[in-house]
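There are 2 protein chains.
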Amino acid sequence: MSDLKNPLFLQACRREPVNRTPVWMMRQAGRYLPQYRAIRAKNDFLTMCKTPELASEVSIQPVDILGVDACIIFSDILVVPEAMGLKLVVEEGKGGPRFTNPIRSRTDIEKLAIPDPARELKFVLDAIRMTRKALDGRVPLIGFSGSPWTLAAYMIEGGGSRTFRTIKEMLYVNPRDVHFLLEKLAEATGAYLKAIIEAGAQAVQIFDSWGGILPPHEFREFSLRSIRHVLSLLPTRSVPVIVFCRECGHSLEDIAESGADVVGIDWATDLGVARRRVGSKAALQGNLDPAVLYAPPKTIREHVVRILEQFGPHPGHIFNLGHGIHPDTPVDNAKAFIDAVKEESSRFHASARSS
Amino acid sequence: MSDLKNPLFLQACRREPVNRTPVWMMRQAGRYLPQYRAIRAKNDFLTMCKTPELASEVSIQPVDILGVDACIIFSDILVVPEAMGLKLVVEEGKGGPRFTNPIRSRTDIEKLAIPDPARELKFVLDAIRMTRKALDGRVPLIGFSGSPWTLAAYMIEGGGSRTFRTIKEMLYVNPRDVHFLLEKLAEATGAYLKAIIEAGAQAVQIFDSWGGILPPHEFREFSLRSIRHVLSLLPTRSVPVIVFCRECGHSLEDIAESGADVVGIDWATDLGVARRRVGSKAALQGNLDPAVLYAPPKTIREHVVRILEQFGPHPGHIFNLGHGIHPDTPVDNAKAFIDAVKEESSRFHASARSS
Numbered sequence: 000m001s002d003l004k005n006p007l008f009l010q011a012c013r014r015e016p017v018n019r020t021p022v023w024m025m026r027q028a029g030r031y032l033p034q035y036r037a038i039r040a041k042n043d044f045l046t047m048c049k050t051p052e053l054a055s056e057v058s059i060q061p062v063d064i065l066g067v068d069a070c071i072i073f074s075d076i077l078v079v080p081e082a083m084g085l086k087l088v089v090e091e092g093k094g095g096p097r098f099t100n101p102i103r104s105r106t107d108i109e110k111l112a113i114p115d116p117a118r119e120l121k122f123v124l125d126a127i128r129m130t131r132k133a134l135d136g137r138v139p140l141i142g143f144s145g146s147p148w149t150l151a152a153y154m155i156e157g158g159g160s161r162t163f164r165t166i167k168e169m170l171y172v173n174p175r176d177v178h179f180l181l182e183k184l185a186e187a188t189g190a191y192l193k194a195i196i197e198a199g200a201q202a203v204q205i206f207d208s209w210g211g212i213l214p215p216h217e218f219r220e221f222s223l224r225s226i227r228h229v230l231s232l233l234p235t236r237s238v239p240v241i242v243f244c245r246e247c248g249h250s251l252e253d254i255a256e257s258g259a260d261v262v263g264i265d266w267a268t269d270l271g272v273a274r275r276r277v278g279s280k281a282a283l284q285g286n287l288d289p290a291v292l293y294a295p296p297k298t299i300r301e302h303v304v305r306i307l308e309q310f311g312p313h314p315g316h317i318f319n320l321g322h323g324i325h326p327d328t329p330v331d332n333a334k335a336f337i338d339a340v341k342e343e344s345s346r347f348h349a350s351a352r353s354s
Numbered sequence: 000m001s002d003l004k005n006p007l008f009l010q011a012c013r014r015e016p017v018n019r020t021p022v023w024m025m026r027q028a029g030r031y032l033p034q035y036r037a038i039r040a041k042n043d044f045l046t047m048c049k050t051p052e053l054a055s056e057v058s059i060q061p062v063d064i065l066g067v068d069a070c071i072i073f074s075d076i077l078v079v080p081e082a083m084g085l086k087l088v089v090e091e092g093k094g095g096p097r098f099t100n101p102i103r104s105r106t107d108i109e110k111l112a113i114p115d116p117a118r119e120l121k122f123v124l125d126a127i128r129m130t131r132k133a134l135d136g137r138v139p140l141i142g143f144s145g146s147p148w149t150l151a152a153y154m155i156e157g158g159g160s161r162t163f164r165t166i167k168e169m170l171y172v173n174p175r176d177v178h179f180l181l182e183k184l185a186e187a188t189g190a191y192l193k194a195i196i197e198a199g200a201q202a203v204q205i206f207d208s209w210g211g212i213l214p215p216h217e218f219r220e221f222s223l224r225s226i227r228h229v230l231s232l233l234p235t236r237s238v239p240v241i242v243f244c245r246e247c248g249h250s251l252e253d254i255a256e257s258g259a260d261v262v263g264i265d266w267a268t269d270l271g272v273a274r275r276r277v278g279s280k281a282a283l284q285g286n287l288d289p290a291v292l293y294a295p296p297k298t299i300r301e302h303v304v305r306i307l308e309q310f311g312p313h314p315g316h317i318f319n320l321g322h323g324i325h326p327d328t329p330v331d332n333a334k335a336f337i338d339a340v341k342e343e344s345s346r347f348h349a350s351a352r353s354s
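Residue numbers (numbering that gives the first Met the number 0), protein chains in the order written: chain A, 0 to 354; chain B, 0 to 354.
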């Protein structure tokens, strides 16, 4: 951390005392920013992911414009399954990215390759190196991946889904195939995150966007187990690992015991309840409902203060949204959120109060 | 209950001892049944809701075909907002029902009427009377409504939504208008459920399908408060009231204390954890993941047994799915589920063991 000018985020990840709560936003490099849309207008989404100069530029935008305390690399979790052999397409105005050749059989799973990140995912590593350099220690850089379960859900469904009928059927009818796929994905994800850390990411976040489609027992058996598998492949005590399982409030204790340094909390869990349940096992990251950013700054500030009060005067809170920022959020309101956290949080920190 | 041949469901609602666990399924009168599809092929959805003979016929189908322990009247929660003055349309193959004139202002709310159920919603009351007669005491009949919050979400969004952007913006920017709408909806819903009970429903269920789009604090302030308002308008100790707030596992204790006799549990909460949290305050209804019904009967039975074990040897469990049955569920698997509950549950009941 020697050359880091703003170490607040990393200190909070390690539950060290800070003089105010650090803050960043999931999807902060995104469509709500006119500066992002200007670049996006000239480049398609995957080109942006795969062009380190562009990925780096949009990653740094929210640091410049909003003053967030951490930078997250612009990328997509689906570049890993693509590198494993699935064909990824993002068609304009046709919903999210999807795979044209989804996994439907054990043979499909057997055919998947474990990519060498230095080769097939070099564009991400280059973007990380370039962004670290451009940031010049202003704030730490976060790398990320999807969880094996979330990647499996996309790979089997072929894209997002309302019911996740296909993967759920496979899960209940043929759980061994799902486990086989998850093991392969854990290996690929572990190697990928290791390479990301070596390239310069100062923290990594695992997004389990679809852990919440599983009942608690199945979440632990399928999603959390494979996240632990990934964590076991990472160099110990290198950089903080954030695990964010969306809509999995039922299993916070288990997530905290998985080896994660930080547990991401979505807006469906009261942050005070989460802190009492997780105790000193992990730091917490969250959890303002991103829809609050539609409200005027005064209301945003009230909600920020309520969440700070819920968490209370303890170490180990990284303020964030409880979900990615909505693309139609007014930039001024996003700025009001960041400012409110910075201005309101210092009175919750003992080191600030006593100084 | 004097002329009721199968009182298991009502006994379990009241937490009385039973010799096996009663079971029914949310959306049991629905598209997975070929006999339902045969009637639906000749009538559109709203015609079925509004023709008591048809509504009654499809309500009773799962009693005849699957042997469920309760009959729920076939209807739709949106008939109430329609009776209040919104224009409801269900277009074939265009997603769910929607309103062509959604609520967007306080003036829109002021214009809403409080319907007289005996007049504007007579078709539901007639369907209930007809179904009670046709059931002839075989199993009890359940009536239902949406929660005020869930109805408000549909009325403001105009239909289902992925992000519920419009109602969330109104909630955070202009909470007073939302409260004004919720109060009006609570009055309309209270009068509706009262009429349903007087027409012969032996239990009622309030569906809060969209309570889960709110953070816990807002859920309690907006959704649960208005559900309590509805409950306060019902005749006391008349029939059991089931409150099912989907994806609201964070607030089970509060729901149980709302005055509900039965708390519906979705599949995202472990039923054993729910029982310990709710204690003796209410009976519980749930909670098999409906996707389990894609698996073979042997697997379905294993999941049924696990849920029975989670709940343990206590009174007050109504077995159900943790969400409505999927339209593409094989009927044989639905039957295997009902049979498994009937066959496996008796050993969990003391009165059965000691007899």
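Where is the CB? At the ideal position from N, CA and C, for every residue including glycine. Keep in mind the model is a prediction, meaning the values are calculated, not measured.
- By the Cβ test, the segment 242-252 of chain A is in contact with the segment 215-232 of chain A, since at least three Cβ pairs between them sit closer than 8 Å.
- Taking V229/B as the centre and dropping the five residues before and after it, the same chain places the C-beta of A185, T188 and G189 closer than 6 Å to its C-beta, in chain order.
- For P329/A, the nearest beta carbon of chain B is not closer than 9 Å to its own beta carbon.
- Less than 9 Å divides the Cβ of G158/B from the Cβ of R97/B.
- Of all residues in the segment 164-184 of chain A, the ones placed with a Cβ closer than 8 Å to any Cβ belonging to chain B are R164, K167, E168, L170, Y171 and V172, in chain order.
- Annotation: Cβ neighbours of D288/A in chain B (cutoff 7 Å, chain order): P214.
- Annotation for M47/A: I38, R39, L53, A54, V57 and F73 place their beta carbon closer than 8 Å to its own, counting only its chain and skipping 5 residues before and after.
- A residue is called buried once 16 or more other Cβ atoms fall within 10 Å of its Cβ, and N100/A, having fewer, is exposed.
- Uninterrupted beta strand (DSSP E) stretches at least 3 residues long and entirely within the segment 282-316 of chain A occur at 282-287, given in chain order.
- The residues P101, I102, T165, I166 and M169, in chain order, have a CB closer than 7 Å to that of I155/A in the same chain once the five nearest residues on each side in sequence are set aside.
- The C-beta separation of A349/A from P16/A comes to about 7 Å, placing the pair in contact by the 8 Å criterion.
- Residue contact with chain B for D253/A: absent (no Cβ-Cβ distance below 9 Å to any residue of chain B).
- Annotated three-state conformation of Q10/B is helix, per DSSP.
- Here the segment 252-262 of chain A makes no contact with the segment 294-303 of chain A; the two share fewer than three CB pairs at distances below 8 Å.
- Against A294/B, the close residues of chain A are Y171 and V172, in the order they occur along the chain (beta-carbon pairs closer than 7 Å).
- DSSP places V88/A within a strand segment (E or B) once states are collapsed to three.
- Against chain A, a Cβ distance below 9 Å from G248/B picks out G248, H249 and A267.
- Residue pairing of L320/A in beta bridges, as defined by DSSP: L287/A.
- Note on geometry: alpha-carbon atoms of P147/B and F179/B lie some 11 Å from one another.
- Identification of chain B residues near T298/A by a Cβ-Cβ cut-off of 8 Å yields Y171 and V172, ordered along the chain.
- Taking the Cα of S279/A as reference, the smallest distance to any Cα among C12/A, D63/A, D2/A and P6/A is reached at C12/A.
- For T149/A, the nearest beta carbon of chain B is not closer than 9 Å to its own beta carbon.
- In this structure, W23/A sits near V67/A, with a CB-CB distance shorter than 9 Å.
- Note on the segment 120-151 of chain A: whole alpha helix (DSSP H) runs with a minimum of 4 residues are 121-134, in chain order.
- In this structure, M83/B sits away from P116/B, with a CB-CB distance that is not shorter than 9 Å.
- When P326/B, S344/B and G145/B are compared, the shortest CA-CA separation from G315/B is found for S344/B.
- Burial state of F310/A is buried, judged by a 10 Å Cβ sphere holding 16 or more other Cβ atoms.
- Annotation for A28/B: no beta strand (DSSP E) segment contains it, and DSSP assigns it neither H nor E.
- Excluding residues up to 5 positions away in sequence, F98, T99 and N100 lie with their Cβ nearer than 8 Å to the Cβ of K86/B in the same chain.
- For A190/A, no beta strand (DSSP E) run applies; the uninterrupted alpha helix (DSSP H) run containing it begins and ends at P174 to A198, by DSSP.
- By the 16-neighbour rule on beta-carbons within 10 angstroms, G95/A is exposed.
- If you ignore the 5 residues before and after A198/B, its C-beta comes within less than 7 Å of the C-beta of L124, I127 and R128, all in its own chain and listed in chain order.
- Rounded to whole angstroms, the Cβ separation of N319/A and G271/A is 16 Å, and the two are not in contact under 8 Å.
- For the set T20/A, Q27/A and N5/A, the Cα lying nearest the Cα of V330/A is the one of Q27/A.
- A residue is called buried once 16 or more other Cβ atoms fall within 10 Å of its Cβ, and T106/B, having fewer, is exposed.
- Residues of chain B with a Cβ closer than 9 Å to the Cβ of G211/A are, in chain order, E246 and A267.
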